[in-house]
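Note sheet for the following structure.
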Amino acid sequence: MGFILAAVGSAIGLGNIWRFPGVAYTNGGGAFLIPYLVALLTAGVVYLLFDWALGHRYRGSAPAIFRRIHPKFEPLGWFQVGLCFLIITYYAVIVAWSVRYMGYSLNRAWGDDPAGFFTKDFLHLLPSTQAHVTGDVVPGVMWPLVLVWLFVTLIMAMGVSGGLERLNKIFLPLLVVMFVGMVVRAVTLPGAVDGLNSFFTPDWEALADPHVWIQAYAQIFFSLSVMFGIMITYASYLPRRANLAPTSFVVAFSNSSFEILAGIGVFSTLGYMASKQGIAVSELEGITGPILSFVTFPQVISMMPGGHFFGMLFFGSLSLAGITSLVSLIQVVTAAVQEKFGMGVRASSVVVGLVSAALSIGLYSTSNGLNMLDVVDNFVNNIGIVSSAILTVFLLTFVVRRLPELHHHLSEHSAKPLRGWWRLFAGYITPIMLTVMLVFALVDLVQHGYGDYPSWFVLAFGWGALALLVIGSVLLSLLPWRTRVDHFVPARLEGVEPRPYHHHIDPREVQEASR
Ligand code: PFF
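Using our numbering, the first residue of the sequence shown is number 1453, and each one after it goes up by one.
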C-alpha cells in the first residue's frame, strides 16, 4: 500500500493539473481519449513494469543497477540521476510559487491584473527577449522556496519508510479530498457545462494527425514519471514478494483518473470564466502551463463568490501534488549519492538538499528565473527524458538482451504470468514511437529554435545543460564506489542463468543483495 501511494504520489504532479487539460483540449478533445488510452496501455503500463522489473530485480539506485547489468552502462544511470537533479532545482520553485499563491488567494493580492501581478510584482520577470543571467534574487520567491527546501530535506532525512512513505500516506489522500472539493465546486458553477462540452466534444479528424498521437505518448510518459530513474529507485525498496503487474494497472489508472478529473475541474472553471466574459471557451487564452495556474485561475478566483476558498483548494492541491512528486525525484539523487559515496541517509539528504537549494535559489528565484526554467524544462522533457528512454530500451533489448529475463522476473512476481505482448511493446513497437517523438522534437528545435529567447540563451541553458549532463555522467562513473556495488547477483529465476559480470570477485563473497 505504501508503495502504491508513493508511486501514485510521484506520478500525480504539476503535469496532471496544468498540462493534461490543455493538451487534451487542443488535440481532439473527447477524441484524444483514444490515443491517450492506447498510449496508457502500450507505453505507460509497459514502461512502468520495465522500470519496476529493473529496480526490483537489481535492487539499487539507477547507477548501481545499470552497472550491475553491465559495467559500461553506469553513465546511463548517472544521466537519469542528472535529469532528476536538473528537474528538482526548478520543480521546487514552482511548488514554492503555489505555496505562496495559497496565501495570495486569501486576500486576492493580485487585484484586477493577475497577469501583471504574476510577472511584474511577484517574479520581477525579465522579458524573454532580454533573457540573460542575473544574480538578483527576488525575496518574495526566495522565502517560500527556502521553506520548501527545508521541508523536503527534513522528509528525505527521515528515510524511505519514515519520511517518504509516511508523507505520501498523509498528503495523497489529502490531495484527493481537496481536489475533489475543488472539482465539485467547479462543476456547479454557471457556465461549467459549456466548458465541459468544449473539453469533451470529439474532433474525430484529429485521430488522423500524427502530432496528436505523439502528444498522447508524450503526456503519458511525463505524467507517469517513467524511464528516468524514479520508478526504478522506488521499486528497489519493495520487498521480494510483490505483485507487480496488477499494481502497475492500479498506479497507471489512478494517475489517469486524476488527470481526467483535473480536465473536468479546469474546463468547468474555464466555462464559467468564458460565460462571465460573454465569450466562447475557444476564445479564451492561457489554458495551459504556469499561465493557466498563476494567471487564469487567479482571474477566476477574483470573479467567484467564495473565491478565496476555491483558491486555497486549487493552490493547495497544486502544492501537495508537487511535493509528492518532488520527493520522488530527490530520492533518485540521494539513493545514488548514498551508494556511490557510502553516505548515510541523513548526510546524503543534507548534502543533496543544500546543493540543490543553492542552485534552485541562485538560478530560478532571480528575475530571469522563469525564462531559464522554461528553457531547461523543455530540453529536459522533450530531449533528455526521451533520449534516456530510447537508449535504455536499446541497450537492454539489443546489446545485453535482457528483455526475456525482465519478462521472466515480472511473471514470477505477478499473480499471473505476463503475456508476450509486454516484450513486443517494450522492446520493439513503443521505442519506434519514442524515436518518432524525438525526431519531431529535434527537427522542430533546429528549425524554429525555442520561444523568442536570444539564441545564445537557448544554446547555453538548453543544449548546454544537456551536454553538461552527459559529461558529468561519464565523469561520475569513473569515480570509485564506496559501497560493495559489484558484490551482487540477482535473485535466482527458474530458467535464467545468473550472470555476475565481475569475475574478479571471489564467488563466495557474491551474495544476493537486498536493501
Ligand atoms: N509525473 C510528475 C508530474 O506530472 O508532474 C513528475 C514529473 C514528471 C516532474 C516529469 C517533472 C517531469 F519533467
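Glycine is no exception: its CB is placed at the ideal position from the N, C-alpha and C atoms.
Does at least one heavy atom of the ligand PFF sit under 7 Å from the Cβ of Ala1463? yes
Contact defined as beta carbons within less than 8 Å: I believe Thr1935 pairs with Val1589. What is the distance between those atoms, to the nearest angstrom? Contact doesn't hold; Cβ gap of about 37 Å is too wide.
So Thr1844 is in the alpha helix (DSSP H); what residue range does that whole segment cover? 1838-1846
Would you check if the region 1708-1718 and the region 1514-1521 touch, i.e. whether three or more CB-CB distances between them fall below 8 Å? no
Out of His1860, Met1795, Leu1485, state which residue places its alpha-carbon closest to the alpha-carbon of Pro1654. When each option's Cα is compared against that of Pro1654, the closest is Leu1485.
I need the boundaries of the alpha helix (DSSP H) containing Val1807, first residue and last residue. That run of the alpha helix (DSSP H) goes 1797-1816.
Ser1907 versus Gly1615 - alpha carbon distance: When rounded, the distance between both Cα atoms is 43 Å.
Determine the contact status of Leu1778 and Val1547, defining contact as a CB-CB distance below 8 Å. yes
Whose C-beta lies closer than 7 Å to the C-beta of His1576 among residues of the same chain, with five residues either side of it excluded? Val1590, Ser1819
Alpha helix (DSSP H) containing Ser1780: first to last residue? 1759-1793
Straight-line Cα distance separating Val1678 from Arg1854: 18 Å
Could you pull out every unbroken alpha helix (DSSP H) segment of at least 4 residues lying fully inside the region 1695-1764, listed in chain order? Entirely contained in the region 1695-1764, the alpha helix (DSSP H) runs reaching 4 residues are, in chain order, 1696-1729, 1749-1755.
Best match in Leu1890, Ala1694, Phe1502 for proximity to Val1832 [C-alpha to C-alpha]: Leu1890
Consult DSSP for Val1948 and reduce its assignment to one of helix, strand or coil. strand
Cα-Cα separation between Pro1446 and Ala1561, rounded to whole angstroms: Residue 1446 lies beyond the stretch modelled for the chain, which goes from 1453 to 1967, so this question has no answer here.
Roughly how many angstroms lie between the CA atoms of Asp1938 and Ser1801, to the nearest whole one? 24 Å
Relative to the C-alpha of Ile1469, which residue among Thr1740, Trp1656, Met1453 is closest? Thr1740
Do Ile1835 and Leu1439 come within 8 Å of each other at the CB atom, strictly closer than that value? Residue 1439 is absent from the model: the chain starts at 1453 and stops at 1967.
What does the alpha-carbon distance come out to for the pair Thr1849 and Phe1502? 11 Å
Going by DSSP, what residue range makes up the alpha helix (DSSP H) through Ser1925? 1916-1930
Looking at the structure shown, is Val1589 part of a helix, part of a strand, or coil, going by DSSP? strand
Is Phe1680 helix, strand or coil by DSSP? coil
Would you decide whether Gly1758 is buried or exposed? Buried here means 16 or more other CB atoms lie within 10 Å of its CB. exposed
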